[in-house]
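Here the structure comes first, spelled out in structure tokens, and everything after it is commentary.
Residue numbers (our numbering): 14 to 203.
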């Protein structure tokens, strides 16, 4: 299962904190996955190069996303899907992508909620950089504000690259994905 973290509602749609949602919407388009609204979020099921995939956009505030993830996972047969969480990351420059296979929340409230509700760190993360504010803006205001017009071209260009990373994770596993994308990310801005 691939989860895109974000906040529900039109006012949050293009904010930095919703980059995980944006990546999953791009993935659904590429993989011809149709969304259906469920109690816990928008779900989409399909295939990626012959591999089954379930996409989830939680319909919960970021700091409650774990409740929706846990609820959907409890309905699946054990080990039917691995878990990948896609989210924004302040510690990566805009346009950078990093893959992690375990670890803590790193200050991300949505990830903290998932970790708390699942009681495990054993899942993959695709971290997509949003950078940090350049002025004295609070972090909360920064992540909840839309991308600036001059940033938008870079955001649009990183979305398909993030979907490439997801495809590799799903089809070839985390070791190959980290070798193919993780090292290059720091060198080329991928």
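Idealized CB from N, CA, C, for every residue including glycine. Keep in mind that this is a model prediction, so the values were computed, not measured.
Which residue's Cα is closest to the Cα of residue i: the options?
i	options	result
residue 53	73, 113, 149	73
residue 179	61, 86, 158	61
residue 89	56, 75, 77	56
residue 191	132, 110, 125	110
residue 49	184, 24, 69, 121	69
Just to check my reading of the structure: residue i and residue j have Cβ atoms closer than 8 Å, yes? What is that Cβ distance to the nearest angstrom?
i	j	result
residue 36	residue 127	Wrong, their Cβ atoms sit about 16 Å apart, outside the cutoff.
residue 143	residue 18	Actually they do not touch by this definition, with Cβ atoms about 12 Å apart.
residue 97	residue 168	With a Cβ gap of about 20 Å, residue 97 and residue 168 do not count as contacting.
residue 170	residue 28	So it is not a contact: roughly 18 Å between Cβ atoms.
residue 79	residue 130	3 Å
What separation, rounded to the nearest whole angstrom, lies between the Cα atoms of residue i and residue j?
i	j	result
residue 67	residue 151	35 Å
residue 226	residue 99	Examination of residue 226 is not possible in this model, given that the chain is present from 14 through 203 alone.
residue 134	residue 113	10 Å
residue 138	residue 115	7 Å
residue 173	residue 108	11 Å
residue 42	residue 146	31 Å
residue 87	residue 71	15 Å
Are the C-beta of residue i and some C-beta of chain C separated by less than 9 Å?
i	result
residue 149	No chain C appears in the structure shown, which is made up of a single protein chain.
Going by DSSP in three states, residue i sits in which element: helix, strand or coil?
i	result
residue 196	Low per-residue confidence applies at residue 196: pLDDT is 41, beneath 50, and the placement is therefore not dependable enough to give any value.
residue 46	coil
residue 33	helix
residue 60	strand
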